[in-house]
Structures are given as structure tokens and as C-alpha cells.
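Novice: The sequence shown begins at 364 in our numbering and counts up by one.
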Amino acid sequence: MGVLDNKAAIVTGSSRGIGAATAKVLAGEGAAVVVNYRQKAPRANKVVAEIEAAGGRAIAVGGDLTNEADVDALAQAAVDAFGSLDILVLNASGGMESGLGEDYALRLNRDAQVSMLKAAAERMKPGSRVVFVTSHQAHFIDSVQTMDAYEPVARSKRAGETALRELVPWLEEKGITFVVVSGDMIEGTITATLLERAAPGAIESRREAAGKLYSVEEFGAEVAKMVTADVPTGHTEYVGGAGHFQA
């Protein structure tokens, strides 16, 4: 018996990277998982196939989180496919991509996060959990400077975390807990790749400062742990290298 048997989860942005790694861990613990993607259906279908090959349950559901209709359809897809929605992992983020508009980072990292949480919470039962995934660079942006190329993204993600935390009392009324997982730069993510292009040497510099950077799989496992961790609502779990930022 898995610890998440008879539970259903949505992991946003889970066709690759941290989201895919998190989805696989949750499925391995018994959860039925909605693998969300924006454009790359084949990549999401591959994640689903890997989960099913390991004996788990999953479906791939496309949806642009900056589109309200897509958000509502994504939340409903979990209920329709699995009968409930018990876990929401808000992993999708971005803002360094080109051609999506100057306000894209804020629309995705703040507005879309709030929309997704609200749509999901209306379908979640007491005892459910929401996990928001962020970075130390974003979580501590008001007190610790980050790289110029990442600052707009960091500030939009911090704005997203602040907006989500404002909903904690509303979630408490519904019996839903909210947890934040903050990590250092993660090797192998698209954000790290784009940042390295914009600022060559950024990854190595951060690795030296932190002593270690988590891999996608390692960080995904830490995110998955917080789905069932015995922590109070509003808790922030720091994964790797937070001492520098906290100091």
C-alpha cells in the first residue's frame, strides 16, 4: 500500500524537469497524477508512459496556465479522471523565454498561480494540500540580490508566493494546507540553462557558493516529500544552500 493510495494530484509544468520528477515520485507512492504541459504533448505522454510502466496511474492534460479556461479545465480533469483532487503542486514557472510579452513572468508566476490554486481549491476536500515550488533567489529577493538576468523572474515569483500566502486563511477554512518549497539553483532545469546563456559561469559560481546544487531528480523528491510532511500550513521548506540567503 502506498502512502498516497486513492489520492489524485495535479503537478503543473510536469512534462519535464522538476515537475516530471515530482510526478513520478508521487505516482510511485500511489497517487494518480495529472501531468500538465503547455505545448509539448509528446514529452508529457512520455512521462505518463513511464509512470504507467512502473505500475502507476497518470494522464497528460495540456493547458496554458495564463488562460483561465485552461486552468479550470485542468482542475476538472483530475476529478473527471480520478474522482477527486487531493494534491496540487504548483511547479510551473518561467519568464526568461522570449516572445511572450514583457509581462509574461508576472502573469505566469503570480496571476496564473493564484488562478490555479483557486480553481483547484474549489474541488479539493478537507485534508488536501497545496505545495508551491520556488527558488531561494526568488524567496529572498527582497533582502538578497540575485543575478540581473534572473531578477525580473525572481520578483515575479516572490509576488506569486506573497499572493498565494494571502489565500492561506481562505484555504484554512476549507481544511486545505499550503506549503512552500524553496530550492537553490537546480542543475538541469530550463531556467538554469537560460540563465547560463545570459550569464555564462552562473551555474559554476552558484555551485561554488552553495557547495552543492541539487539535481532535478533530487529536488523533485524533496518537493514530493512535502506533500505528506507533518508541517503547519504556511511552512517554508528550504532545500539546499539556504544559509547564505538567510544570513
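A virtual CB, placed ideally from N, CA and C, is assigned to each residue, including glycine. Fair warning: this is a prediction, and the values are worked out from it, not measured in the lab.
Straight-line CA distance for phenylalanine 541 to phenylalanine 445?
Specialist: Walking along the sequence shown from the start, residue 541 turns up at place 178. Walking along the sequence shown from the start, residue 445 turns up at place 82. Roughly 22 Å between the two C-alpha positions.
Novice: DSSP three-state label for threonine 600, please.
Specialist: Mapped onto the sequence shown, residue 600 falls at position 237. With the sequence shown as reference, residue 600 is identified as glutamate, and threonine is not the correct amino acid for it. Of the three classes helix, strand and coil, the one that applies to glutamate 600 here is strand, per DSSP.
Novice: Quick check on this structure: which residue in Glu392, Leu576, Asp511 and Val374 has the alpha carbon closest to the alpha carbon of arginine 401?
Specialist: To locate residue 401, count along the sequence shown from 1; it is residue 38. Selected option, being the one with the closest Cα: Val374.
Novice: Serine 378: buried (16+ other C-beta within 10 angstroms of its C-beta) or exposed?
Specialist: Within the sequence shown, the letter at position 15 stands for residue 378. Serine 378 is buried by the Cβ-count criterion.
Novice: Name the one or two DSSP bridge partners that asparagine 399 has.
Specialist: One-based indexing of the sequence shown puts residue 399 at position 36. DSSP output for asparagine 399 lists Val424 as bridge partner(s).
Novice: Quick check on the burial criterion: 16 or more other C-beta atoms within 10 angstroms. Buried or exposed for lysine 370?
Specialist: In the sequence shown, counting from the first residue as 1, residue 370 sits at position 7. Answer is buried; the Cβ neighbour count reaches 16.
Novice: Any chance the region 483–500 sits against the region 449–456, with 3 or more Cβ pairs inside 8 Å?
Specialist: Counting Cβ pairs under 8 Å, three or more are found: they touch.
Novice: Could you compute how far the alpha carbon of alanine 436 sits from the alpha carbon of glycine 606?
Specialist: Working through the sequence shown from its first residue, we reach residue 436 at position 73. Working through the sequence shown from its first residue, we reach residue 606 at position 243. Between alanine 436 and glycine 606, the C-alpha separation is close to 40 Å.
Novice: With a CB to CB cut of under 8 Å and the five nearest residues on each side skipped, what residues in its chain are close to alanine 522?
Specialist: Numbered from its first residue, the sequence shown carries residue 522 at position 159. The residues are Leu469, Asn472 and Arg473.
Novice: For glycine 391, which option in Ala372, Asn399 and Gly418 has the closest C-alpha, if you only look at C-alpha atoms?
Specialist: For the purposes of this step, residue 391 is taken as the residue at position 28 of the sequence shown. The candidate whose alpha carbon is nearest that of glycine 391 is Gly418.
Novice: Could you tell me whether the region 525–533 touches the region 477–493, where touching means 3 or more Cβ pairs closer than 8 Å?
Specialist: Taking 8 Å as the limit for Cβ pairs, the verdict is that the region 477–493 does touch the region 525–533.
Novice: Note the first and the last residue of the continuous alpha helix (DSSP H) segment covering serine 478.
Specialist: Here the question's residue 478 lines up with position 115 in the sequence shown. Where serine 478 is concerned, the enclosing alpha helix (DSSP H) stretches over 475–484.
Novice: Please report the Cβ distance between glycine 604 and aspartate 511, rounded to the nearest whole angstrom; I am assuming they are in contact, meaning their Cβ atoms lie under 8 Å.
Specialist: Numbered from its first residue, the sequence shown carries residue 604 at position 241. Numbered from its first residue, the sequence shown carries residue 511 at position 148. The Cβ separation is near 20 Å, so there is no contact.
Novice: Closest to isoleucine 549 by CA distance: which of Ala372, Asp368 and Ala384 is it?
Specialist: Locating residue 549 in the sequence shown gives position 186, where the first residue counts as 1. The shortest Cα separation from isoleucine 549 among Ala372, Asp368 and Ala384 belongs to Ala384.
Novice: Considering only C-alpha positions, which residue in the set His598, Thr509 and Lys575 is nearest to alanine 562?
Specialist: Numbered from 1 along the sequence shown, position 199 holds the residue referred to as residue 562. Comparing Cα positions, the closest option is Thr509.
Novice: Can you tell me whether DSSP reads isoleucine 450 as helix, strand or coil?
Specialist: Residue mapping note: residue 450 aligns to position 87 of the sequence shown, counting from 1. Strand at isoleucine 450.
Novice: Going by C-alpha to C-alpha distance, which of Glu413, Arg486, Ala404 and Pro405 sits closest to alanine 438?
Specialist: Numbered from 1 along the sequence shown, position 75 holds the residue referred to as residue 438. Of Glu413, Arg486, Ala404 and Pro405, the residue nearest in Cα terms is Arg486.
Novice: Starting from serine 506, trace the alpha helix (DSSP H) both ways and give me its first and last residue.
Specialist: Locating residue 506 in the sequence shown gives position 143, counting from the first residue. Segment: none, serine 506 is in no alpha helix (DSSP H) and carries neither H nor E.
Novice: Nearest to threonine 525 by alpha carbon, out of Ile504, Glu536 and Glu535?
Specialist: Position 162 of the sequence shown, counting from 1, holds the residue named residue 525. Threonine 525 has its Cα closest to that of Ile504, out of Ile504, Glu536 and Glu535.
Novice: What are the partner residues of phenylalanine 541, as DSSP defines its beta bridges?
Specialist: Walking along the sequence shown from the start, residue 541 turns up at place 178. Paired residue(s): Val493.
Novice: Distance, Cα to Cα, methionine 589 vs glycine 564?
Specialist: By 1-based counting over the sequence shown, the position of residue 589 is 226. By 1-based counting over the sequence shown, the position of residue 564 is 201. Near 31 Å, if we compare the C-alpha coordinates of glycine 564 and methionine 589.
Novice: Short check: CB of proline 489 to CB of glycine 426, under 8 Å?
Specialist: For the purposes of this step, residue 489 is taken as residue 126 along the sequence shown, with counting starting at 1. For the purposes of this step, residue 426 is taken as residue 63 along the sequence shown, with counting starting at 1. Cβ distance not < 8 Å, so proline 489 and glycine 426 don't count as in contact.
Novice: Name the residue from Lys520, Tyr577 and Leu389 whose alpha carbon lies nearest to the alpha carbon of glutamate 415.
Specialist: If you number the sequence shown from 1, residue 415 lands on position 52. The candidate whose alpha carbon is nearest that of glutamate 415 is Leu389.
Novice: For alanine 501, collect the residues of the same chain with a Cβ closer than 6 Å to its Cβ; drop the 5 residues on either side in sequence, then sort them by chain order.
Specialist: Within the sequence shown, numbered from 1, the residue matching residue 501 stands at position 138. Correct list, in chain order: Ala517, Lys520 and Arg521.
Novice: Does the beta-carbon distance from isoleucine 450 to alanine 372 come in below 8 Å?
Specialist: By 1-based counting over the sequence shown, the position of residue 450 is 87. By 1-based counting over the sequence shown, the position of residue 372 is 9. Yes. Within cutoff.
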